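**Student:** Questions regarding the structure given below will be posed in turn.
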Amino acid sequence: MMSVPDTLFADFDVQERLAQQRAQLPEEIAALAENQILQSPPARLVDYFVQKNTIQPPVLRRSDWQMDVQEDYAVEEEAPIQRLEIEVPFDGDEELFQARSGAPFETSLPIKIHKQSLLITLEVKPGEEHGAKAMIERTLNDIDKHLDRIRSVVMAYNEALVSQVEAEIEKRRQQLLGRKALLAALDIPLRPRPGGARPGSRKPLPALPLVPAEPQRPEPTLTPTQYEQVLEAVHGAVECLSYSPSLFAAMDEGLLRNHVLLHINAAFERDDGAEEAFRAKGPAGFELLVGGRGVFTGECLFWSHAEAYNRYLDELLASALWQEAKAVLLVFQRGKRTASVLKNVCAATESHPGYVASAINQVESGCRFVLQVSKDTSRQITLTVRIVEAPNSAVKTKPTSAPRRTRKADPAAHGQAGFDF
């Protein structure tokens, strides 16, 4: 049993403690073996260090509190004194009950921490029974106020943890890759086109991924920044559709895919001589290939039922993709509620055999998932799904003016698109 020294919330400054933990993160990552950093899927490493360093602030489970009553006969008292021991369970890190949270915490009641519970002792003399409950409630309310202040600081730290871990791991990978020639061979040949179009209680810690005994060349993967840039371009293409609802209503999955391809190829170019950064794949898909395999894949799909969506997931996991591939699925729906479709998408994904987790970073009108290829546990796919409301079929109207005459194109008026390869 751990007794609280002097009083609660008085032992250390929570901001300083979190700053120390942030400062130790680069050392933890640097301590990993070179082969572990280079051969492990970056997303798995990020998940490991995020879970390892995430702090769970305490939350009192006041509805689950219990009380034990004992009677103590004093010499000078004819009636017994009742000794109440209140046990209030809590979730989270018990050490944060020692963190300073601003104003001093004052109480005359003995408080101890034992097995994820607060133990509060209260002696009640005859005639004071009615005030006992009020005193307990005041004490718990004061504790909750201090915990709320600590929780706001800790949650801000937790929210910034993913980006910090991603940056530190990428920095360490680049340090280990070292040689410029190797970096050039591994980099995804994709960059924003200059002047191009731009769209407006704790879980068990996962084990570090296993790596081959012999060093091998890391597989290509989109960095988190590149992934977000591509998603931004894809979402920009979707936003453009809303300005032409009559054209949008007439588009099928293949035409929607072509619209997205035009938009993202206007935003990105390759360095390796390829004419297009992204290429069409199948009836309604598109992909970014490196060495004949995909580092990114996307698809346009009209929502019909969960079975069709599950077939998409099966095909995605069976695709020829590099380790840690990224994906996006645009689910278009007509005449249904976006929230209902999103609920069905989440339920179908979470029940799929390849489902691993819902990623921390969520998207507007959608969600982000981590999927795993069943035959190779080291291969995971990050899938971002966005639900898009499509208009119904456009109303046909008669033309109000004479049709325009077709004009032949002037070859001299067309400039050749330049690619800086």
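Numbering (our numbering), first residue to last: 1 to 421. Every residue, glycine too, gets a C-beta built ideally from N, C-alpha and C. Nothing here was measured: the structure is a model prediction, and the numbers come from that model.
Where do the N-terminal and C-terminal ends of the beta strand (DSSP E) with K326 fall, by residue?
**Tutor:** Where K326 is concerned, the enclosing beta strand (DSSP E) stretches over 321-333.
**Student:** What are the boundary residues of the alpha helix (DSSP H) that includes Q56?
**Tutor:** Run containing Q56: none; DSSP gives neither H nor E here.
**Student:** Quick check: what's the CA-CA separation for A103 versus A10?
**Tutor:** Their backbone Cα atoms lie some 10 Å apart in a straight line.
**Student:** Buried or exposed for A99, going by 16 or more other Cβ atoms inside 10 Å?
**Tutor:** Per the 10 Å Cβ criterion, buried.
**Student:** Which residues bound the alpha helix (DSSP H) around R17?
**Tutor:** Unbroken alpha helix (DSSP H) run through R17: 14-30.
**Student:** Among R173, A357, G354, S365, which one has its Cα closest to the Cα of K343?
**Tutor:** K343 has its Cα closest to that of S365, out of R173, A357, G354, S365.
**Student:** Flag this pair as yes or no: are the beta carbons of P57 and L96 separated by less than 8 Å?
**Tutor:** Going by C-beta atoms, P57 is nearer than 8 Å to L96.
**Student:** Cα separation between D314 and A274?
**Tutor:** Distance between the alpha carbons of D314 and A274: 29 Å.
**Student:** Taking the straight line between their C-alpha atoms, what separation do you get for K133 and R62?
**Tutor:** Their backbone Cα atoms lie some 13 Å apart in a straight line.
**Student:** Do you know offhand how far D47's Cα is from E123's?
**Tutor:** Taking the straight line joining both Cα atoms gives about 48 Å.
**Student:** Kindly provide the ranges of any beta strand (DSSP E) runs that are 3 or more residues long and lie completely inside the region 106-194, ordered along the chain.
**Tutor:** Entirely contained in the region 106-194, the beta strand (DSSP E) runs reaching 3 residues are, in chain order, 111-113, 117-124.
**Student:** Provide the residue(s) that pair with E34 in DSSP beta bridges, ordered along the chain.
**Tutor:** DSSP lists no partner for E34.
**Student:** Mapping the DSSP letters down to three states, classify V290 as helix, strand or coil.
**Tutor:** V290: strand per DSSP, three-state reduction.
**Student:** Would you call the region 328-339 and the region 348-355 in contact, with 3 or more CB pairs under 8 Å?
**Tutor:** Result no; under three Cβ-Cβ pairs closer than 8 Å.
**Student:** What are the boundary residues of the alpha helix (DSSP H) that T349 is part of?
**Tutor:** Note, T349: alpha helix (DSSP H), 338-350.
**Student:** Quick check: P89 and D64, are their CB atoms within less than 8 Å of each other?
**Tutor:** Yes, Cβ-Cβ distance for P89 and D64 is below 8 Å.
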